[in-house]
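S.K.: Once you've had a glance at the structure underneath, I'll fire off some questions.
Residue numbers (UniProt numbering): 1 to 345.
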């Protein structure tokens, strides 16, 4: 007689969590499901390496506030993960615990204990971005006399003009383009939330050239994303970064001060948001443009670069201190001038 395979209580909960609760009850995106899956793969590795508990033996009893805290510390100390990754993994575990407390009543106290774990405070990383001059120089570096150049320009210009997240661009389809006035695109953001984003006529011309090269019609409802790599396959975040750095490195050779050392697809999003705010757009409108659920997230983009800070300080001083005093004091005291110029660097 064939022996029935034993399935742990943890495995059964996870199966229902991933196959029913997340996609069918919550309707979360595939991107979110993959992120949660990565967390639990990592958690299983921790139990195997540090607790000698293998995946096919891991039970609900093995999970506790202590073991989860041990796992979070292991991510930092042993795996070298940053605090942001630690907090992201904790958020995934908490999502599971929110689900489990309604499915596994006898362990309600356990799930609520784990839910009480606080995220670790971390310094907010500086988000690199390009000035308008820097963005103009980078986009101008892309050749338009080759098919590859026109493809790269379409990708980079779309990423900047729409302020799309990397995943929004990667999964963007042609039928979400409106190339007649008023020009706009429909982006699918986090949690599958859709938003309409107006686009510039210059981007429309760039997109039309790219679409002619690739025989793509705007009413194409195929499963093929609009933007693909040179081999016709789906783009990746790493692929987008490669395209960005290809031209960023060239511009940096000519204008070192214009291009930060590190750029990513998110740098384009940050650049657009910064440019809109510097142009005087209300932060609430910028929030809606970016697809943020809270204006607090948008406030993270309100960081002027050092040059903007210096100019603001000089302008403030010019409005208050008489011109003669400004000239005499700053010209005679180079140390003070250097100090002011260095603020925020």
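All C-beta atoms, glycine included, are put in the ideal place defined by N, C-alpha and C. As the structure is a prediction and not an experimental result, all values here were calculated from the model.
1. CB-CB under 6 Å to residue 149, same chain, minus the five flanking residues each way: which ones, in chain order?
2. Is the CB-CB distance between residue 162 and residue 130 below 8 Å?
3. By the DSSP assignment, the beta strand (DSSP E) with residue 198 in it spans what residues?
4. Should residue 194 go down as buried or exposed, given a rule of 16 or more other Cβ atoms within 10 Å for buried?
5. Alpha carbon to alpha carbon, what distance is there between residue 287 and residue 159?
6. Entirely within the region 156 to 215 and at least 4 residues each: give me those alpha helix (DSSP H) ranges in chain order.
7. Kindly indicate which three-state DSSP category residue 28 falls into: helix, strand or coil?
8. In chain order, what residues of the same chain have a beta carbon less than 8 Å from the beta carbon of residue 243, not counting five sequence neighbours either side?
9. Determine the burial state of residue 39: buried for a count of at least 16 other Cβ atoms within 10 Å of its Cβ, exposed for fewer.
10. Residues in the same chain with beta-carbon distance under 6 Å from residue 360, minus the five sequence neighbours each way, listed in chain order, please.
11. What is the DSSP secondary structure of residue 228, reduced to helix, strand or coil?
12. Which complete beta strand (DSSP E) runs does the region 229 to 296 hold, if anything under 3 residues is left out?
13. Hey, quick one: how far does the alpha helix (DSSP H) through residue 83 stretch, first residue to last?
14. In three-state terms, what does DSSP make of residue 323?
15. Take residue 86 and list the residues in its own chain whose beta-carbon comes closer than 7 Å to its own, dropping the five residues that flank it on each side.
16. Taking the C-alpha atoms as reference points, what is the distance between residue 205 and residue 189?
17. So which of 170, 115, 34 and 245 has the shortest CA-CA distance to residue 97?
18. Where residue 259 and residue 247 are concerned, what is the direct C-alpha to C-alpha distance, given to the nearest angstrom?
19. Considering only residues of the same chain and omitting the five flanking positions on each side of residue 61, which have a CB-CB separation below 7 Å?
20. Can you give me the C-alpha to C-alpha distance between residue 164 and residue 273, rounded to a whole angstrom?
21. Is residue 223 helix, strand or coil by DSSP?
22. Does residue 199 pass the burial test, meaning 16 or more other C-beta atoms within 10 Å, or should it be called exposed?
23. Are the beta-carbon atoms belonging to residue 128 and residue 263 less than 8 Å from one another?
24. I think residue 208 touches residue 235, with their Cβ atoms under 8 Å apart; what is that distance to the nearest whole Å?
25. Are the beta-carbon atoms belonging to residue 175 and residue 219 less than 8 Å from one another?
26. Is the distance from the Cβ of residue 251 to the Cβ of residue 137 below 8 Å?
27. State the DSSP-derived secondary structure class of residue 114, mapped to helix, strand or coil.
28. Excluding sequence positions up to five away, which residues of its chain have a Cβ less than 7 Å from the Cβ of residue 275?
29. Short of 7 Å in beta carbon distance, which residues of its chain neighbour residue 197, apart from the five on each side in sequence? Order them along the chain.
30. With DSSP as the reference, label residue 141 as helix, strand or coil.
31. Do residue 59 and residue 8 come within 8 Å of each other at the CB atom, strictly closer than that value?
32. Please classify residue 99 as buried or exposed, where buried requires at least 16 neighbouring CB atoms within 10 angstroms.
33. Please work out which residues of its chain come closer than 6 Å, Cβ to Cβ, to residue 339, disregarding the five sequence neighbours upstream and downstream, and give them in chain order.
34. Below 8 Å between beta carbons: does that hold for residue 35 and residue 92?
35. With respect to the alpha helix (DSSP H) encompassing residue 72, which residues constitute its N-terminal and C-terminal limits?
36. In terms of alpha-carbon separation, which member of 145, 147, 181 and 224 lies closest to residue 173?
M.R.: Short version:
1. 142 and 143
2. no
3. Residue 198 -> beta strand (DSSP E) spans 194 to 198.
4. Exposed.
5. 17 Å
6. Fully enclosed alpha helix (DSSP H) runs of 4 or longer: 166 to 170 and 201 to 213.
7. coil
8. Cβ within range, chain order: 152, 155 and 156.
9. Note on residue 39: 16 or more other CB atoms within 10 angstroms of its CB, so buried under the neighbour-count rule.
10. Any question about residue 360 goes unanswered here, given that the chain covers just 1 to 345.
11. strand
12. none
13. 83 to 103
14. Confidence at residue 323 is low in this model, with a pLDDT of 40, below 50, so its placement is unreliable and the value that follows should be read with caution. Look at residue 323 here: in three-state DSSP terms it is helix.
15. 72, 75, 76 and 120
16. A direct Cα-Cα distance of roughly 25 Å separates residue 205 from residue 189.
17. 115
18. Between the C-alpha atoms of residue 259 and residue 247 there is a straight-line separation of about 10 Å.
19. none
20. Near 11 Å, if we compare the C-alpha coordinates of residue 273 and residue 164.
21. Here residue 223 sits in coil by DSSP.
22. buried
23. yes
24. Contact between residue 208 and residue 235 is ruled out by a C-beta separation of about 20 Å, above the 8 Å threshold.
25. Yes. Within cutoff.
26. yes
27. Secondary structure at residue 114: helix, using DSSP grouped into helix, strand and coil.
28. 132
29. 162, 184, 185, 187 and 289
30. coil
31. yes
32. Residue 99 sits buried, since 16 or more C-beta atoms from the chains shown fall within 10 Å of its C-beta.
33. Low per-residue confidence applies at residue 339: pLDDT is 47, beneath 50, and the placement is therefore not dependable, though the value from the model is reported in the following sentence. Taking C-beta separations shorter than 6 Å and ignoring five residues to either side along the sequence, residue 339 has no partners in its chain.
34. yes
35. 65 to 77
36. 224
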